[in-house]
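FYI, the numbering for the sequence shown is 6 to 370, going by the working numbering.
Yeah, the Cβ is synthetic: ideal placement off N, Cα and C, and Gly gets one too.
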Amino acid sequence: MGASFAIGTMAADEIVVGQVAPLSGVLADTGKDMVLGAKVYFDSVNDKGGVHGRKIRHVVKDDGYKVEETVRLTQEVIDKDGAVALIGFAGTGNVGELLKQKVLEKAGIALVAPYTGGEILRAPFNPYIFHIRAGYADEAEGIVNQLVQLNMKRIGVMYQDDPFGQAGLAGVEAALKKRGLELAGTGAYEKNTDNVAAAVEAIAKANPQAVVMISVNKTTAAFSKQIRAASTVAQLVNISVVNPKEIVRMIGPENARGIGVAQVMPYPYSPTSKIVREYQQAMKKYAPGEDMSYTSFEEFVGAKVLVEGLRRAGPNASRDKVIRALETLNAFDVGGFTLHFSPTNRVGSRFVEVTVIGKDGRLLR
6 MGASFAIGTM AADEIVVGQV APLSGVLADT GKDMVLGAKV YFDSVNDKGG
56 VHGRKIRHVV KDDGYKVEET VRLTQEVIDK DGAVALIGFA GTGNVGELLK
106 QKVLEKAGIA LVAPYTGGEI LRAPFNPYIF HIRAGYADEA EGIVNQLVQL
156 NMKRIGVMYQ DDPFGQAGLA GVEAALKKRG LELAGTGAYE KNTDNVAAAV
206 EAIAKANPQA VVMISVNKTT AAFSKQIRAA STVAQLVNIS VVNPKEIVRM
256 IGPENARGIG VAQVMPYPYS PTSKIVREYQ QAMKKYAPGE DMSYTSFEEF
306 VGAKVLVEGL RRAGPNASRD KVIRALETLN AFDVGGFTLH FSPTNRVGSR
356 FVEVTVIGKD GRLLR
């Protein structure tokens with residue numbers, strides 16, 4: 006009875022929230038920001054007494070962006086740590102494997118704000134995942150729409166050869182087809198490497214006007230630098246999973262200049278909305294010296310959504326009560342950014358805008 010009680014509900018003095026994220030490997034910079042965003046929000050909640058008088062214990066484990074580690078560590082955070090909810094995992098293939106092995110379903114546990122827009126995690130409907138970001142299909146539509154408006158109709162795709170990259174590729178193809186267009190060329194690279202030589206060669210040969218990159222920080226940086234040296238591609242645009250500051254750091258502002266980056270969250274660098282002000286204040290207080298980023302802001306928003314679910318679940322929240330509570334967040338305004346969940350909807354937002362890296366490395370809207 007003791008074990009089942011610990012797993013099904015929270016210990017009297019704390020609420021365990023689990024996060025499995027890539028703190029090592031090619032996605033380490035992203036993973037660290039993901040954890041930081043959730044952490045500073047939980048710190049601010051704990052400073053105010055927690056939720057129903059209980060402090061949040063944020064249990065973090067490093068999966069190195071490896072699918073088998075994601076599965077093993079998720080099971081560990083559920084079984085050994087007794088997490089009542091999960092937050093901010095990365096990787097379409099990683100989270101997809103959790104669904105395939107029914108890890109979330111068997112535990113009856115919610116995963117809030119995974120850092121992925123993969124359509125396989127959205128359709129068919131899955132009751133355990135609460136998405137706060139637009140899907141890759143939404144991003145692809147927004148990017149292609151903008152490129153076509155700029156009269157760029159020969160569009161290629163550089164993608165990671167796994168479910169993440171394939172989801173983005175399919176999104177771009179669908180957006181082009183809708184406009185009577187076809188892909189002008191593709192180039193792929195293997196997950197967990199930054200070897201993009203074959204992709205550069207394939208894209209340079211096709212010589213499109215623009216390239217949509219479905220890739221992570223290191224590969225985006227490597228490809229951007231190499232393709233510009235090897236071709237006359239006019240415009241590069243990446244989907245939202247990269248941190249522009251990291252791209253600039255890796256290849257310098259001159260090489261990064263002009264790269265477009267899709268965003269699925271409001272601009273976090275200017276305190277124009279209540280949620281951005283709240284995020285900036287929390288970062289200054291709980292993570293002084295750390296850079297602000299879209300990634301940490303996204304998981305800050307995710308943590309706010311989860312905490313509201315924990316509040317609504319009541320003082321004796323169980324995993325199931327948390328799921329039911331999150332379903333009630335219909336038209337939930339986190340502070341100038343509204344999310345919509347219901348018993349039949351788990352995609353809380355379809356917001357997309359494209360930003361550009363400016364000449365000094367700063368991100369422009």
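DSSP three-state assignment for E332, whether helix, strand or coil: As a first step, residue 332 must be located in the sequence shown, where it is residue number 327. It is coil, neither helix nor strand.
Proximity below 8 Å, CB of M218 to CB of L186: Counting from 1 along the sequence shown, the entry for residue 218 is found at position 213. Counting from 1 along the sequence shown, the entry for residue 186 is found at position 181. Going by C-beta atoms, M218 is not nearer than 8 Å to L186.
Beta-carbon proximity of G263 to V359, cut-off 8 Å: As a working note, residue 263 is residue 258 in the sequence shown. As a working note, residue 359 is residue 354 in the sequence shown. At least 8 Å separates the beta-carbon of G263 from that of V359.
Range covered by the alpha helix (DSSP H) that runs through N243: In the sequence shown, residue 243 corresponds to position 238, counting from 1. No alpha helix (DSSP H) holds N243; the beta strand (DSSP E) holding it covers Q240 to N243.
Assumed close pair A21, D86 - CB separation to whole angstroms, cut-off 8 Å: Translated into positions along the sequence shown, residue 21 becomes position 16. Translated into positions along the sequence shown, residue 86 becomes position 81. The question names Ala, but residue 21 in the sequence shown is Val. Between D86 and V21 the Cβ distance is about 5 Å, and since that is below 8 Å, they are a contact.
Contact belief for T224 with V201 at Cβ below 8 Å, rounded distance in angstroms: As a position in the sequence shown, residue 224 is number 219, starting the count at 1. As a position in the sequence shown, residue 201 is number 196, starting the count at 1. Their Cβ separation, rounded to whole angstroms, is 6 Å, which keeps T224 and V201 in contact under 8 Å.
Bounding residues of the beta strand (DSSP E) (the contiguous stretch that carries G161): One-based indexing of the sequence shown puts residue 161 at position 156. Here the beta strand (DSSP E) through G161 covers I160 to Q165.
A180 to G307 span [Cα, whole Å]: Here the question's residue 180 lines up with position 175 in the sequence shown. Here the question's residue 307 lines up with position 302 in the sequence shown. So the alpha carbons of these two residues sit roughly 28 Å apart.
F305 to V117 span [Cα, whole Å]: In the sequence shown, residue 305 corresponds to position 300, counting from 1. In the sequence shown, residue 117 corresponds to position 112, counting from 1. Those two C-alpha atoms are separated by around 11 Å.
For G140 and G161, the rounded distance between their alpha carbons: As a working mapping, residue 161 is identified with position 156 in the sequence shown. As a working mapping, residue 140 is identified with position 135 in the sequence shown. Cα to Cα, the separation comes out at about 20 Å.
Cβ-based neighbour list, F94, same chain, cut-off 6 Å, excluding 5 preceding and 5 following: In the sequence shown, the residue the question calls residue 94 occupies position 89. So the list reads V25, V100 and P119, once near-sequence residues are dropped.
Straight-line gap, Y274 to Q171 (C-alpha atoms, nearest Å): Within the sequence shown, the letter at position 269 stands for residue 274. Within the sequence shown, the letter at position 166 stands for residue 171. Near 31 Å, if we compare the C-alpha coordinates of Q171 and Y274.
Distance, R355 Cα to E146 Cα: The count along the sequence shown starts at 1 and reaches residue 146 at position 141. The count along the sequence shown starts at 1 and reaches residue 355 at position 350. Taking the Cα positions, E146 is about 11 Å away from R355.
Three-state secondary structure (DSSP) of E19: If you number the sequence shown from 1, residue 19 lands on position 14. Strand.
Segments of 4+ residues assigned as alpha helix (DSSP H) that fall wholly inside the region 227 to 284: 249 to 261
D325 to G314 span [Cα, whole Å]: Here residue 325 refers to the residue found at position 320 of the sequence shown. Here residue 314 refers to the residue found at position 309 of the sequence shown. Taking the straight line joining both Cα atoms gives about 11 Å.
For N212, three-class secondary structure by DSSP: In the sequence shown, counting from the first residue as 1, residue 212 sits at position 207. Of the three classes helix, strand and coil, the one that applies to N212 here is coil, per DSSP.
Local conformation of Q24 per DSSP, three classes: Position 19 of the sequence shown, counting from 1, holds the residue named residue 24. DSSP places Q24 in strand when its eight states are reduced to three.
P119 beta carbon near the ligand ADP (any heavy atom closer than 7 Å): Judged by which ligands are present, the structure shown has none, so any question about the ligand ADP falls away.
Q154 versus A115: straight-line alpha-carbon distance, rounded: To locate residue 154, count along the sequence shown from 1; it is residue 149. To locate residue 115, count along the sequence shown from 1; it is residue 110. So the alpha carbons of these two residues sit roughly 40 Å apart.
Contained alpha helix (DSSP H) runs [length at least 4] in the region 24 to 83, N- to C-terminal order: 33 to 52, all fully within the region 24 to 83.
Continuous alpha helix (DSSP H) stretch holding E303: start and end: For the purposes of this step, residue 303 is identified with residue 298 of the sequence shown, where counting begins at 1. In the DSSP assignment, E303 falls within the alpha helix (DSSP H) that extends over Y299 to A318.
Euclidean distance between Cα positions of R184 and D143: Mapped onto the sequence shown, residue 184 falls at position 179. Mapped onto the sequence shown, residue 143 falls at position 138. When rounded, the distance between both Cα atoms is 15 Å.
N-terminal and C-terminal residue of the beta strand (DSSP E) that Y194 is part of: Sequence index remark: in the sequence shown, residue 194 carries index 189 (1-based). Counting along the chain, the beta strand (DSSP E) containing Y194 begins and ends at G190 to Y194.
Rounded straight-line distance, which links the Cα of L91 to that of E295: Looking up residue 295 in the sequence shown gives position 290. Looking up residue 91 in the sequence shown gives position 86. E295 and L91: Cα-Cα distance of roughly 24 Å.
Where the beta strand (DSSP E) containing L91 begins and where it ends: Translated into the one-based positions of the sequence shown, residue 91 becomes position 86. Per DSSP, L91 belongs to the beta strand (DSSP E) from A90 to I92.
Neighbour-count burial assignment, N243, 16 or more Cβ in a 10 Å radius: Locating residue 243 in the sequence shown gives position 238, counting from the first residue. Buried.
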